[in-house]
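Using mature numbering (1 follows the signal peptide of the UniProt record, and there is no 0), the letters of the sequence shown correspond one by one to residues -19 to -1, 1 to 183.
Have a look at the structure below before the remarks.
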Amino acid sequence: MRIPAALAACLLAAGTAVAQAPSPNSSPSPTAAPADGTAAAACPSTLQHTFPRLQDEKPQSLCQYAGKVVLVVNTASFCGFTPQYKGLEALDSKYRARGLVVLGFPSNDFAQESGSNKEIADFCESTFGVKFPMFAKSSVRGANANPLFKQLALASGTTPKWNFYKYLIGRDGKVVQAWSSMTAPDESAFVKVIESQLAAGG
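See below:
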């Protein structure tokens, strides 16, 4: 089967890197985030950030997700990996009641997310039925990376090499592991790590 040129380029650029973090010793509309109500004192440093949400740019504190297992993904609308939105939404829906939340961060760092925040939100809803929280477009790598992704890169030892990199944060706020774009949301080994984190303290 011949692979479309755009998908082939995306796959080639993504690579297959997987990083293990150093061992320490339902929203009614797409991209909606619940109201902030978590005390800062109970919020781990990883989540002490505020970002405008995608659909209306209202500021949202990530501290509202304290105590949850958080999967952070940098996304784009025009990549060969864009269909992963469907799997990410399924993952969020399946495990939401057990304490998982998927957070999407659109980025044009790889020149595949040129639209406005509203255009991105509309695309995600109409094409993939995305309802997990998403945030306004920002940079996810380099000097201009948003503060969350700077922190994730430092903790995991890896920055996004392409769209749909994935970082898992445990209930304690520590980065558990990072996966490359090549890891599909329904990949068994990936899901097992998420399930193990949900079981911890859940």
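C-beta: ideal position from N, C-alpha, C; glycine also.
- Between the region 144 to 161 and the region 41 to 53 there are three or more C-beta pairs closer than 8 Å, enough to call the two in contact.
- In this structure, residue 145 sits away from residue 83, with a CB-CB distance that is not shorter than 8 Å.
- For residue 131, no beta strand (DSSP E) run applies; the uninterrupted alpha helix (DSSP H) run containing it begins and ends at 128 to 137, by DSSP.
- In the three-state reduction of the DSSP assignment, residue 79 falls in the helix class, which pools H, G and I.
- Look at residue 62 here: in three-state DSSP terms it is coil, with no helix or strand label.
- Taking the Cα of residue 124 as reference, the smallest distance to any Cα among 140, 182, 109 is reached at 140.
- For the 8 Å CB-CB criterion, residue 28 and residue 116 do not form a contact.
- Around the C-beta of residue 40, fewer than 16 other C-beta atoms lie within 10 Å, and the residue is accordingly described as exposed.
- In this structure, the CA atom of residue 80 is about 14 Å from the CA atom of residue 172.
- Under the DSSP assignment, residue 42 falls in the beta strand (DSSP E) whose first and last residues are 40 to 42.
- When rounded, the separation of the alpha-carbon atoms in residue 174 and residue 153 is 15 Å.
- If you ignore the 5 residues before and after residue 67, its C-beta comes within less than 7 Å of the C-beta of 109, all in its own chain and listed in chain order.
- Note: residue 45 is not bridge-paired with any residue in the DSSP secondary-structure output.
- Restricting attention to beta strand (DSSP E) runs no shorter than 3 residues, the region 84 to 118 encloses none.
- Taking every protein chain shown into account, the CB of residue 161 has 16 or more other CB atoms within 10 angstroms, so this residue is buried.
- With 16 or more other CB atoms across the displayed protein chains lying within 10 angstroms of its CB, residue 118 is buried.
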